[in-house]
Amino acid sequence: MSMLTHLPAPLAPPVLGLGLAVASAAWFTVSYVGSLYLSPAGRLNGGVDADGVPLDRDHPVVIRSRIRTASAATALSLVCAGALLKRAIPPSVSFGRLFHESITADTMLLDSQGWLLDTLNIGRLLGLALPVPTLLTSNTLPFAPPLLSYIGSLSVHMAAPLLLTSLLYLGPLLTRFLDGELPFQRHFDLHTDLVVKFTSLAGVRNFLVGPATEELVFRASLLAPLFFAGVSRAKLVLATPAFFGIAHVHHAYNVYLSDGRTRSAAIRGALTAAAQFLYTTAFGWYANLLFLRAGSVVAPTAAHVLCNVLGLPNPAADAQRHPTKSTRKCHLPQPVFVQPLLNLWRHCAIG
């Protein structure tokens, strides 16, 4: 059974121009990557700090600068994407509902509910998992959906993609188990492998700010306008990750600088960029599918964090360390598990 089943059909008729939506997607990509180099502290020029430490992408000064500028660029992209939807769509329903109910552009019309509720609803149209306060319209419940229902749906939106991603990483996880590196095993150190890894400056970038900002830009800000421009579900899943892949090509410059600015460094940088483009595009397919299935950015963000934690799979190295049939089989795709898990949160749209 196709993994693309049960995704929404394009909104009919489209309420946003296709050219405008594509141009905004390109601008969000350029602005996000450009923001990393906006501040002089975030630029990599092969220099060193006062102590002679190279100013590479893992230097604390560079990390802090890029966290600030990337966060600002992400906020700007969300505001711009929200403004596009605000002009085109009276905010009557959440993005999640569009993926689970038969709603067309003609049935979305609703009078303005005030700037606060309209802003929250626009955020929901972007796939942000936001409850809507109903204190001004209800005497019984302070939020819609009810708080317990909201927490339950949010939990499913986090747990389902984590479980699905774990199944896709079954081979690497088996290797870590055999190496005794999983939590509570003999080679797992709570302080080093958890506390230091996640609370260090590099950890905050890799496991918090990086996944959150990238998913808010390349899923919420980019996909929602294209959806409302009438782009087909197949193109939303398969074509738009090119923007995500292109956004990582700039890492070739990092390799070129760190390897000495030589011709061989340029070649290594180009090869690195090509490899990163391929696997980030592949992850973009997966993240887009999660976003469109869930109708919220929570699902791909959770999967993104786990993928960053586990890293890029290396089946050849794993099979060499543990040359068993089970290890090789676990590195193969497990499609039998995929469709049931995709159905797990089919009816769990937040709001």
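With the UniProt record's numbering, letter number 145 in the sequence shown gets 145, and the count goes up by one each step, no holes. By construction, the Cβ of each residue, glycine as well, lies at the ideal position given by its N, Cα and C atoms.
Assuming C307 and F277 form a contact by the criterion Cβ under 8 Å, report the distance between their Cβ atoms to the nearest whole angstrom. The Cβ separation is near 16 Å, so there is no contact.
Between which two residues does the alpha helix (DSSP H) harbouring A73 extend? P60 to A88
How far does the alpha helix (DSSP H) with V15 in it extend, from its first residue to its last? Run containing V15: none; DSSP gives neither H nor E here.
Under the three-state reduction of DSSP, which class applies to V196: helix, strand or coil? helix
State the beta-bridge partners of V48 as determined by DSSP. P54
So is P225 buried or exposed if we call it buried at 16+ other beta carbons inside 10 Å? buried
Would you say the beta carbon of L164 comes nearer than 6 Å to a heavy atom of the ligand GTP? The ligand GTP is absent from the structure shown, which contains no ligand whatsoever.
When we look at the beta-carbon of S153 and count the other beta-carbons within 10 Å, is it buried (16 or more) or exposed? buried
G260 by DSSP, collapsed to three states: which one? coil
Is N288 helix, strand or coil when you go by DSSP? helix
Sequence-distant residues of the same chain with beta carbon closer than 6 Å to Y37, five excluded per side: R43
Does the distance from the CB of T272 to the CB of A252 come in under 7 Å? yes
Using the three-state DSSP reduction, which class does N314 fall into: helix, strand or coil? coil
What number of angstroms, rounded off, separates the C-alpha of H187 from the C-alpha of A159? 26 Å
Just confirm the distance between the C-beta atoms of L128 and A220, as a whole number of angstroms; I'd bet it's less than 8 Å. 6 Å
Neighbourhood of R66 by C-beta, 7 Å cutoff - its chain only, sequence neighbours within 5 removed: L36 and G42
Report yes or no: do three or more beta-carbon pairs, one from the stretch 164-175 and one from the stretch 247-267, lie closer than 8 Å? no
Please determine if the stretch 231-242 and the stretch 311-327 are in contact, where contact requires at least 3 C-beta pairs separated by less than 8 Å. no
Across the stretch 196-214 and the stretch 67-75, are there enough close Cβ pairs to call them in contact, namely three or more that are closer than 8 Å? yes
With a CB to CB cut of under 8 Å and the five nearest residues on each side skipped, what residues in its chain are close to A26? F243
I need the straight-line Cα distance from G171 to I151, nearest angstrom please. 32 Å
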